[in-house]
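Undergrad:
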DNA sequence: CGACGTATTGACTCGGCTCAAAACCTGTGG
DNA sequence: CCACAGGTTTTGAGCCGAGTCAATACGTCG
């Protein structure tokens, strides 16, 4: 099953880091310093990388698997802030926030990542203008992404949010009928979209009947992007090809 | 009524800019360059500063009044992303996003601000490390703020969100009973918190009966922070003095 | 005083949550 | 290859929070 790992299993830390936009245009020696200080790790499903309010020791560059970012309330509920996978960096923002994580992170399946000391990033940002700029850019994208999230939560109903989720999975290039696979458990998608799994299930039925999509297990077939995007995007400030960044 | 303006009416552009954390530790000559390029403006209620997807020409440093940041959907709904006032900067983030605004901004009362050309900021960030770092820090705070927003929308009910809003208005120093004034119209607070004004009104009644607060017009009296924060923060990942930044 | 905008209340609907039960997968061991 | 155990997903019934639409009350300014 972990066929994803195959692509990355041979890569060196340097190669992984080099591909990040964070290090675009950064001197090789600098990237190398990060590479030398970092190490690969593969952990099973359910591993907690860090918790909210933890001191930040490391940040993580994912190369395979999915990680859930969340906040836990006093009375035991959980809000899933985001789900991230290969190519994403997590925990880096703590170096800008007094070295404390403002959310928790836990794997939802076997996950491989590069673990890099926060201290190195913190020191480098102070001195290296390119990296600071790159971080600024990625932070900005993150903000945009979250802004969209807030809009989605206030203006779209459950079915529309699910449809929106699917549209973002679509490759622009693909030809109809589009065929895609849900990236992780439905119960997680539900949490990610701010609803209960029962609601997800029912809302999915509604979406199915409204937009002619077909679902079998984790496989989705979308006969017409137009029908789906019309149903979804009318309640959103972005029209369909709403490029989903980062 | 616009007594707030009194404090700022005498200030020069330089003085206003100098107080921003964006320019903390920046050379005087640099700040001066911004000051020379900027100008004060006072506009009436309802003025649109910019709309979503507009090319960014200016960014704005507020010195008095409240501004609503929003996104409008295709079918005519509106999500209020944030409400900002004196000391806040708006529209600056566009220089990191291809020079296009990712939300609209409109005044909800008479507002005074300093209008500064985006091009200057864009150019300065590229060269000035201090400013890039300051921007990074403020961006990071913004992100934290929005993360909290997302949590709030998914986990707190209407009454709790209102209570949370009030708690954030409280000065830590204040002694009970705390007495505060709602900063803008209730219908706007409602929109800001992602609910309809009818719901706001009813939820406020509920909050009143649950936490012994008193409301007369825009005046709120909180006899016990403990009771209120217990009611509100049990559904949140932050305990009460959840410092509300920026 | 009247007029306008803002806020509240009432009656009703509907979407999403809760709790509980059934159906469906997937992997394991006999 | 089948049976069973575990988790995940779906379905059902009932409830409750928030939205809708419409009417009334309140406040402020002319």
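Protein chains in written order, with our numbering: chain A, 5 to 250; chain B, 5 to 250. Yeah, the Cβ is synthetic: ideal placement off N, Cα and C, and Gly gets one too.
1) Comparing alpha-carbon positions, which option in B:106, B:30, B:81 and B:229 lies nearest residue 172 (chain B)?
2) What distance in whole Å lies between the Cβ atoms of residue 101 (chain A) and residue 240 (chain A), which are believed to be in contact at a cut-off of 8 Å?
3) Just by C-beta distance, which residues in the region 80 to 91 of chain B are closer than 7 Å to chain A?
4) Work out the CA separation of residue 35 (chain B) and residue 124 (chain B) for me, nearest whole Å.
5) How far does the alpha helix (DSSP H) with residue 17 (chain A) in it extend, from its first residue to its last?
6) So what does DSSP say about residue 217 (chain A), is it helix, strand or coil?
7) Grab me the residues of residue 11 (chain A)'s own chain with a C-beta within less than 7 Å of its C-beta, minus the 5 sequence neighbours each way, in chain order.
8) Am I right that residue 201 (chain A) and residue 190 (chain A) are in contact with their C-beta atoms under 8 Å? What's the rounded C-beta distance?
9) Report whether the distance from the Cβ of residue 131 (chain A) to the nearest heavy atom of the ligand ZN is below 8 Å.
10) Chain B partners of residue 133 (chain A), CB-CB under 7 Å?
11) Put residue 164 (chain B) into one of helix, strand or coil per three-state DSSP.
12) Work out the CA separation of residue 203 (chain A) and residue 150 (chain B) for me, nearest whole Å.
13) Considering only residues of the same chain and omitting the five flanking positions on each side of residue 59 (chain B), which have a CB-CB separation below 7 Å?
14) What are the boundary residues of the beta strand (DSSP E) that residue 75 (chain B) is part of?
15) Quick one, are the C-beta atoms of residue 146 (chain A) and residue 97 (chain A) less than 9 Å apart?
16) Can you give the Cα-Cα distance for residue 28 (chain A) and residue 134 (chain A), rounded to whole angstroms?
17) By DSSP, does residue 115 (chain B) sit in helix, in strand, or in coil?
18) Residue 239 (chain B) touches chain A at which residues, Cβ-Cβ below 9 Å?
19) Determine the direct distance from the alpha carbon of residue 17 (chain B) to that of residue 116 (chain B), and round the result to whole angstroms.
20) Which word fits residue 33 (chain B), buried or exposed, when buried means at least 16 other C-beta atoms lie within 10 angstroms of its C-beta?
21) Would you mind sorting residue 177 (chain A) into buried or exposed? The rule is 16 or more other CB atoms within 10 Å of its CB.
22) Which value, in whole angstroms, describes the spacing of the CA atoms of residue 69 (chain A) and residue 110 (chain A)?
23) The alpha helix (DSSP H) that contains residue 86 (chain B), what's its start and end?
24) Rounded to whole angstroms, what is the Cα-Cα separation between residue 79 (chain A) and residue 137 (chain A)?
25) Note down the Cα distance separating residue 38 (chain A) from residue 61 (chain A), rounded to an integer number of angstroms.
26) Which residues mark the beginning and the end of the beta strand (DSSP E) in which residue 183 (chain A) is found?
27) Going by C-alpha distance, which of A:222, A:181, A:163 and A:106 is nearest residue 199 (chain A)?
28) Which whole-angstrom value describes the C-beta separation of residue 106 (chain A) and residue 56 (chain A), a residue pair presumed to lie in contact below a C-beta threshold of 8 Å?
29) Take the Cβ of residue 67 (chain A) as the centre, count every other Cβ of all protein chains shown within 10 Å, and call the residue buried at 16 or more, exposed below.
30) What do you get for residue 160 (chain B), buried or exposed, if any count of 16 or more other CB atoms within 10 angstroms of its CB means buried?
31) Could you tell me the boundaries of the beta strand (DSSP E) in which residue 53 (chain B) lies?
32) Tell me the rounded alpha-carbon separation between residue 81 (chain A) and residue 73 (chain B).
33) Between which two residues does the beta strand (DSSP E) containing residue 67 (chain A) stretch?
34) Can you tell which of A:167, A:247, A:185 and A:192 has the C-alpha that lies nearest to the C-alpha of residue 216 (chain A)?
35) Around the C-beta of residue 65 (chain B), are 16 or more other C-beta atoms found within 10 angstroms, so that it is buried, or is it exposed?
36) Mind checking residue 92 (chain A): buried by the 16 CB within 10 Å criterion, or exposed?
TA: Let me lay it out:
1) Indexing the second chain from 1 puts residue 172 (chain B) at position 168. Considering only alpha carbons, the answer is B:229.
2) The count along the first chain starts at 1 and reaches residue 240 (chain A) at position 236. The count along the first chain starts at 1 and reaches residue 101 (chain A) at position 97. The pair is not a contact, with the Cβ atoms about 30 Å apart (cut-off 8 Å).
3) 81, 83 and 85
4) What you label residue 124 (chain B) is simply residue 120 of the second chain in a count that begins at 1. What you label residue 35 (chain B) is simply residue 31 of the second chain in a count that begins at 1. Approximately 11 Å, taken between the alpha carbons.
5) Position 13 of the first chain holds residue 17 (chain A). Unbroken alpha helix (DSSP H) run through residue 17 (chain A): 17 to 22.
6) In the first chain, counting from the first residue as 1, residue 217 (chain A) sits at position 213. If DSSP states are grouped into helix, strand and coil, residue 217 (chain A) belongs with coil.
7) Position 7 of the first chain, counted from the first residue, corresponds to residue 11 (chain A). Residue placement at residue 11 (chain A) is poorly supported in this model, since its pLDDT is 49, which falls under 50; the coordinates still yield a value, given next. Once the five neighbours on either side are set aside, residue 11 (chain A) has no close Cβ partner at all.
8) Numbered from its first residue, the first chain carries residue 201 (chain A) at position 197. Numbered from its first residue, the first chain carries residue 190 (chain A) at position 186. Rounded, the Cβ-Cβ distance is 6 Å, consistent with contact.
9) Among the ligands in the structure shown, none appear at all, so the ligand ZN cannot be discussed.
10) Walking along the first chain from the start, residue 133 (chain A) turns up at place 129. Simply 133 and 136.
11) Sequence index remark: in the second chain, residue 164 (chain B) carries index 160 (1-based). The answer is helix: DSSP assigns residue 164 (chain B) an H, G or I state.
12) Here residue 150 (chain B) is taken as the residue at index 146 of the second chain, counted from 1. Here residue 203 (chain A) is taken as the residue at index 199 of the first chain, counted from 1. Cα to Cα, residue 150 (chain B) sits roughly 25 Å from residue 203 (chain A).
13) Taking the first residue of the second chain as position 1, residue 59 (chain B) is located at position 55. Cβ within range, chain order: 103 and 104.
14) On the second chain, residue 75 (chain B) is found 71 positions in, with the first residue counted as 1. 71 to 76 is the extent of the beta strand (DSSP E) around residue 75 (chain B).
15) On the first chain, position 142 is the one that residue 146 (chain A) refers to. On the first chain, position 93 is the one that residue 97 (chain A) refers to. The answer is yes: Cβ separation under 9 Å.
16) If you number the first chain from 1, residue 28 (chain A) lands on position 24. If you number the first chain from 1, residue 134 (chain A) lands on position 130. Each residue's Cα considered, the two are about 8 Å apart.
17) What you label residue 115 (chain B) is simply residue 111 of the second chain in a count that begins at 1. Residue 115 (chain B) falls in the strand class under three-state DSSP.
18) Here residue 239 (chain B) is taken as the residue at index 235 of the second chain, counted from 1. The contacting residues are 77, 78, 79 and 81.
19) One-based indexing of the second chain puts residue 116 (chain B) at position 112. One-based indexing of the second chain puts residue 17 (chain B) at position 13. Each residue's alpha carbon lies about 12 Å from the other.
20) Here the question's residue 33 (chain B) lines up with position 29 in the second chain. It counts as exposed.
21) Against the first chain, residue 177 (chain A) aligns to sequence position 173. Its Cβ having fewer than 16 others within 10 Å, residue 177 (chain A) is exposed.
22) If you number the first chain from 1, residue 69 (chain A) lands on position 65. If you number the first chain from 1, residue 110 (chain A) lands on position 106. Those two C-alpha atoms are separated by around 11 Å.
23) By one-based count along the second chain, residue 86 (chain B) stands at place 82. Where residue 86 (chain B) is concerned, there is no enclosing alpha helix (DSSP H), although the beta strand (DSSP E) it sits in stretches over 82 to 88.
24) To locate residue 79 (chain A), count along the first chain from 1; it is residue 75. To locate residue 137 (chain A), count along the first chain from 1; it is residue 133. C-alpha separation (whole angstroms): 39 Å.
25) Residue mapping note: residue 38 (chain A) aligns to position 34 of the first chain, counting from 1. Residue mapping note: residue 61 (chain A) aligns to position 57 of the first chain, counting from 1. Using only the alpha carbons, I get a separation of about 14 Å.
26) Residue mapping note: residue 183 (chain A) aligns to position 179 of the first chain, counting from 1. Run containing residue 183 (chain A): 182 to 185, per the beta strand (DSSP E) assignment.
27) Here the question's residue 199 (chain A) lines up with position 195 in the first chain. Among A:222, A:181, A:163 and A:106, the Cα nearest to that of residue 199 (chain A) belongs to A:163.
28) Residue mapping note: residue 106 (chain A) aligns to position 102 of the first chain, counting from 1. Residue mapping note: residue 56 (chain A) aligns to position 52 of the first chain, counting from 1. Yes, residue 106 (chain A) and residue 56 (chain A) are in contact; Cβ-Cβ is about 7 Å, under 8 Å.
29) Along the first chain, one-based indexing puts residue 67 (chain A) at 63. Residue 67 (chain A) comes out buried.
30) For the purposes of this step, residue 160 (chain B) is identified with residue 156 of the second chain, where counting begins at 1. Buried, because 16 or more other Cβ atoms sit within 10 Å of the Cβ of residue 160 (chain B).
31) Your numbering for residue 53 (chain B) matches position 49 in the second chain. Here the beta strand (DSSP E) through residue 53 (chain B) covers 52 to 54.
32) Against the first chain, residue 81 (chain A) aligns to sequence position 77. Against the second chain, residue 73 (chain B) aligns to sequence position 69. Going from the Cα of residue 81 (chain A) to the Cα of residue 73 (chain B) covers about 29 Å.
33) Residue mapping note: residue 67 (chain A) aligns to position 63 of the first chain, counting from 1. Residues 62 to 68.
34) Residue numbering aside, residue 216 (chain A) sits at position 212 when the first chain is read from its first letter. The option with the nearest alpha carbon to residue 216 (chain A) is A:167.
35) The residue labelled residue 65 (chain B) in the question sits at position 61 within the second chain. Residue 65 (chain B) comes out buried.
36) Indexing the first chain from 1 puts residue 92 (chain A) at position 88. Answer is buried; the Cβ neighbour count reaches 16.
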